[in-house]
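*Asks:*
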Amino acid sequence: MIMVYHGPPGQQPAFELDLPAADADWHPIATKKLHFKTHPQEVNENGLDHAHFATIHKFRDFVVPKPMEIDGPRIYTEYGGTKPIPVIGGVSFHFKSVLVGLGFSLVEIAIQGGLTVRQMVLPTPVAERNVDIYIGIAAKRHVRNRLVRALLAPVERLAGWIVLQVVAYEVQRDQLI
Numbered sequence: 003m004i005m006v007y008h009g010p011p012g013q014q015p016a017f018e019l020d021l022p023a024a025d026a027d028w029h030p031i032a033t034k035k036l037h038f039k040t041h042p043q044e045v046n047e048n049g050l051d052h053a054h055f056a057t058i059h060k061f062r063d064f065v066v067p068k069p070m071e072i073d074g075p076r077i078y079t080e081y082g083g084t085k086p087i088p089v090i091g092g093v094s095f096h097f098k099s100v101l102v103g104l105g106f107s108l109v110e111i112a113i114q115g116g117l118t119v120r121q122m123v124l125p126t127p128v129a130e131r132n133v134d135i136y137i138g139i140a141a142k143r144h145v146r147n148r149l150v151r152a153l154l155a156p157v158e159r160l161a162g163w164i165v166l167q168v169v170a171y172e173v174q175r176d177q178l179i
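In this text, residue positions in the sequence shown follow the numbering used here: the first is 3, and each later residue adds one.
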């Protein structure tokens, strides 16, 4: 993924992005692009609007174990809940996120059953009130043994791809707001 600064001509970025370093413990990033009639600020506000997780995304048992923390251009949040899923009842999730400025958020999601993914959301203005939202998901590798790791790799990548599809679907539901 390539990050490019977008701002007034001749002006340097006011802050740096804290991007995760390349790490062999994570699968390559799978990406998806969405297009919304909105503003990047509204995209970021959804990550902070805990009430919408129950009303729009239908999360149950929503918890905020730590209060939001603001540090300059960064907002740190942590929350969790259960997403109802027919037949199995639901799957619990725990989110730790950092929003950086208006154009980048990084969320580490621990999913019931042992899957951990990194989610990146990059709302990019393309015209007035039009935003392309790039979503990236990378699944964590959980096994050290090389043989087992190689055998599990396709399953973990598939699980990451499925999470990407679910996240994209849920982000599209935010258009209802």
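C-beta atoms are modelled at their ideal positions from N, C-alpha and C, and glycine is treated no differently.
If contact is defined by three or more beta carbon pairs under 8 Å, each pair taking one atom from either stretch, is the segment 129 to 141 in contact with the segment 34 to 47?
*Replies:* Touching, per the Cβ criterion.
*Asks:* Compare the C-alpha of Pro67 against each of Asp51, Ile90, Lys98 and name the closest.
*Replies:* Selected option, being the one with the closest Cα: Lys98.
*Asks:* State yes or no: is the C-beta of Asp63 within less than 8 Å of the C-beta of Gly83?
*Replies:* Yes, the Cβ-Cβ distance between Asp63 and Gly83 is below 8 Å.
*Asks:* Taking the beta strand (DSSP E) that Ile78 belongs to, which residues open and close that run?
*Replies:* For the record, residue 78 in the displayed sequence is Tyr; it is not Ile. Start and end: 76 to 87.
*Asks:* Are the beta-carbon atoms of Gln121 and Val102 separated by less than 8 Å?
*Replies:* Not in contact: Gln121 and Val102 (Cβ atoms no closer than 8 Å).
*Asks:* With DSSP as the reference, identify every bridge partner of Asn132, one or two as the case may be.
*Replies:* In DSSP, Asn132 forms a bridge with Ala129.
*Asks:* Glu158: buried (16+ other C-beta within 10 angstroms of its C-beta) or exposed?
*Replies:* Buried: at least 16 other Cβ atoms inside 10 Å.
*Asks:* By Cβ distance below 8 Å, which residues in the same chain neighbour Val93 in space, the five residues on each side in sequence not counted?
*Replies:* Only Thr84, Lys85, Ile87, Ile113, Gln114, Gly115 meet the Cβ criterion.
*Asks:* Between which residues of its own chain and His59 is the CB-CB distance below 8 Å, once the five residues before and five after are set aside?
*Replies:* Cβ within range, chain order: Lys85, Glu172, Arg175.
*Asks:* Indicate whether Val133 and Thr40 have their beta-carbon atoms separated by less than 8 Å.
*Replies:* Yes. Within cutoff.
*Asks:* Looking only at C-alpha atoms, which of Arg146, Val128, Leu124, Asn147 sits nearest to Gly49?
*Replies:* Of the listed residues, the one whose Cα sits closest to Gly49 is Leu124.
*Asks:* For His59, which of helix, strand or coil comes out of DSSP?
*Replies:* Here His59 sits in coil by DSSP.
*Asks:* Is DSSP giving Glu172 helix, strand or coil here?
*Replies:* In this structure, Glu172 counts as helix in the three-state DSSP scheme.
*Asks:* Which one of Arg151, Phe106, Ala152 has the shortest CA to CA distance from Ile196?
*Replies:* The requested residue 196 is not part of the displayed model; the chain covers only 3 to 179.
*Asks:* Using CA coordinates, which residue listed in Arg143, Leu149, Asn147 is at the minimum distance from Leu160?
*Replies:* When each option's Cα is compared against that of Leu160, the closest is Arg143.
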